[in-house]
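Peer 1: Take a look at the following structure, please.
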Amino acid sequence: DIKFIFKYSYLLFFLCLILLFSVEIIGIFGKGAERWIRIFGISVQPSEIIKVAIILVLAKYFHNLRFDTIGKIYHIIIPAFFILVPFVLVLLQPDLGTAISIFLLGVMILFIAGIRIWKFVLGVIISLSSFPFLWGLIKPYQQKRFLSFLNPELDPLGQGYQLIQSKIALGSGGLAGKGFLEGTQSYLEYIPEKQTDFIFTLIGEEFGFIGTMFLLFLFGLLITICFYISIKSYHIFGRIICLGVACNIFIYVILNMAMVTGLLPVVGIPLPLISYGGTAMLSVMVSFGLLLNVCIYYNVKKINQ
């Protein structure tokens, strides 16, 4: 019941926050970061689960506010806490890609809720001015990723290797691709982690420009459905949930595709519903479950009773 979800949104967020804190204590180290915890023998990545909790907690918070008061400074402090605490915790793991996606998700929901655009412009200016400080906080291997993004040929067998091979795979796909299971870059192991963050390159090599455009069309259709259910919903809580899910999918897709094509540094963002990964897939499916719940209970007007 959507009323049940509404009632326990804050509790769910703080439970997810506890899981995120626990990574610092009992986290499993792997692939250069401490991102996972083990629950009943299963590895779980709390930084992916917290995204769903952020959508719920911001949706509930803004549901309880009058629209004409949303832009007040004191009404932004609590949402800022909901966004910045997970952002900092994930950044410390370190998981730069997920931290960026959490921050962007929160900012987009704030904009959807009605925060004025000039406040975002001010935030961008502050963020850019703090870049030298943030550069000192990130790990040396992350700094190398940024530098290799600017010029991958500086380290073609090291930090720039994956990006160079990714571009070769995408370019060799041409218009219609090489055919299913015929990708040489992918299956001759030139691309590490092709089943996870770089699976888009495999699709581009095997199915070409047509295949990648069709995939983009499917993601666009998915986001359009989110918008349709949002418009259909009678309550603000449901509308923000739907738009939050749409934003989350959009961020996943844009960051992943920009990363594998060399438009952004390699930061480790999976392609939703396609990349191999348990917790990321689970969080996306939970998001779609919430979406369907809003669709079923779209005509509930007094959700907080």
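FYI, the numbering for the sequence shown is 29 to 333, going by my numbering.
Heads up, the beta-carbon is just placed ideally off N, CA and C, and yes, glycines get one too.
Roughly how many whole angstroms lie between the Cα atoms of C323 and I257?
Peer 2: Within the sequence shown, the letter at position 295 stands for residue 323. Within the sequence shown, the letter at position 229 stands for residue 257. Looking at the two C-alpha atoms, the distance is approximately 6 Å.
Peer 1: Count the C-beta pairs between the stretch 104-114 and the stretch 245-252 that are closer than 8 Å, then say yes if the count reaches three, no if not.
Peer 2: no
Peer 1: Excluding five sequence neighbours on each side, which residues of the same chain lie with their C-beta closer than 8 Å to the C-beta of S214?
Peer 2: As a first step, residue 214 is located in the sequence shown; it is residue number 186 there, counting from the start. Answer for S214: A197, K222, T229, L230, E233, E234, listed in chain order.
Peer 1: Would you decide whether R63 is buried or exposed? Buried here means 16 or more other CB atoms lie within 10 Å of its CB.
Peer 2: Translated into positions along the sequence shown, residue 63 becomes position 35. With 16 or more Cβ atoms within 10 Å of its Cβ, R63 is classed as buried.
Peer 1: Give the DSSP-derived three-state secondary structure of V72 in the structure shown.
Peer 2: Start at 1 with the first residue of the sequence shown, and residue 72 comes out as number 44. Looking at V72 - three-state DSSP - the assignment turns out to be strand.
Peer 1: Could you tell me which residues DSSP pairs with R66 in its beta bridges?
Peer 2: On the sequence shown, residue 66 is found 38 positions in, with the first residue counted as 1. Answer is S71, bridged to R66.
Peer 1: What do you reckon, are the CB atoms on V80 and S37 nearer than 7 Å?
Peer 2: As a position in the sequence shown, residue 80 is number 52, starting the count at 1. As a position in the sequence shown, residue 37 is number 9, starting the count at 1. No.
Peer 1: The alpha helix (DSSP H) with K206 in it runs from where to where?
Peer 2: Walking along the sequence shown from the start, residue 206 turns up at place 178. Neither: K206 is in no alpha helix (DSSP H) and is coded neither H nor E.
Peer 1: So, are the CB atoms of I65 and V72 less than 7 Å apart?
Peer 2: Translated into positions along the sequence shown, residue 65 becomes position 37. Translated into positions along the sequence shown, residue 72 becomes position 44. Yes; because the gap between Cβ atoms is below 7 Å, this pair is in contact.
Peer 1: Are there three or more Cβ pairs, one per stretch, closer than 8 Å when the stretch 278-287 is compared with the stretch 197-207?
Peer 2: no
Peer 1: Helix or strand or just coil, what does DSSP make of I56?
Peer 2: One-based indexing of the sequence shown puts residue 56 at position 28. I56 falls in the strand class under three-state DSSP.
Peer 1: How should E76 be labelled, buried or exposed, when 16 other C-beta atoms within 10 angstroms of its C-beta is the threshold for buried?
Peer 2: If you number the sequence shown from 1, residue 76 lands on position 48. That one is buried.
Peer 1: Under a three-way DSSP split, which group does Q213 fall into?
Peer 2: The residue you call residue 213 lines up with position 185 of the sequence shown. Residue state, collapsed to three classes: helix.
Peer 1: Which residues mark the beginning and the end of the alpha helix (DSSP H) in which T224 is found?
Peer 2: Your numbering for residue 224 matches position 196 in the sequence shown. Taken as a continuous stretch (DSSP letters only), T224 belongs to no alpha helix (DSSP H), as it is neither H nor E.
Peer 1: Give me the residue from L40, F242, F226, F109 with the minimum Cα distance to I130.
Peer 2: Stepping through the sequence shown from its first residue, residue 130 is reached at position 102. The shortest Cα separation from I130 among L40, F242, F226, F109 belongs to F109.
Peer 1: When we look at the beta-carbon of M241 and count the other beta-carbons within 10 Å, is it buried (16 or more) or exposed?
Peer 2: Counting from 1 along the sequence shown, the entry for residue 241 is found at position 213. Under this definition M241 is an exposed residue.
Peer 1: Count the other CB atoms, across all protein chains shown, that sit within 10 Å of the CB of F34; report buried if there are 16 or more and exposed otherwise.
Peer 2: In the sequence shown, residue 34 corresponds to position 6, counting from 1. F34 should be labelled buried.
Peer 1: Along the chain, where does the alpha helix (DSSP H) containing N321 start, and where does it finish?
Peer 2: As a working note, residue 321 is residue 293 in the sequence shown. It spans 306-324 - the alpha helix (DSSP H) in which N321 sits, taken as one unbroken run.
Peer 1: Could you give the distance in angstroms between the alpha-carbon of Y325 and the alpha-carbon of L39?
Peer 2: Position 297 of the sequence shown, counted from the first residue, corresponds to residue 325. Position 11 of the sequence shown, counted from the first residue, corresponds to residue 39. When the Cα atoms are used, Y325 and L39 turn out to be separated by approximately 22 Å.
Peer 1: Give me the Cβ distance between H91 and I259, rounded to the nearest whole Å; I'm assuming they're in contact under 8 Å.
Peer 2: Counted from its first residue, the sequence shown places residue 91 at position 63. Counted from its first residue, the sequence shown places residue 259 at position 231. Cβ-Cβ separation between H91 and I259: approximately 16 Å, too far for a contact (criterion under 8 Å).
Peer 1: Any idea what DSSP makes of N284, helix, strand or coil?
Peer 2: Numbered from 1 along the sequence shown, position 256 holds the residue referred to as residue 284. Of the three classes helix, strand and coil, the one that applies to N284 here is helix, per DSSP.
Peer 1: Roughly how many angstroms lie between the CA atoms of P107 and F139, to the nearest whole one?
Peer 2: Indexing the sequence shown from 1 puts residue 107 at position 79. Indexing the sequence shown from 1 puts residue 139 at position 111. Taking the straight line from one Cα to the other gives about 12 Å.
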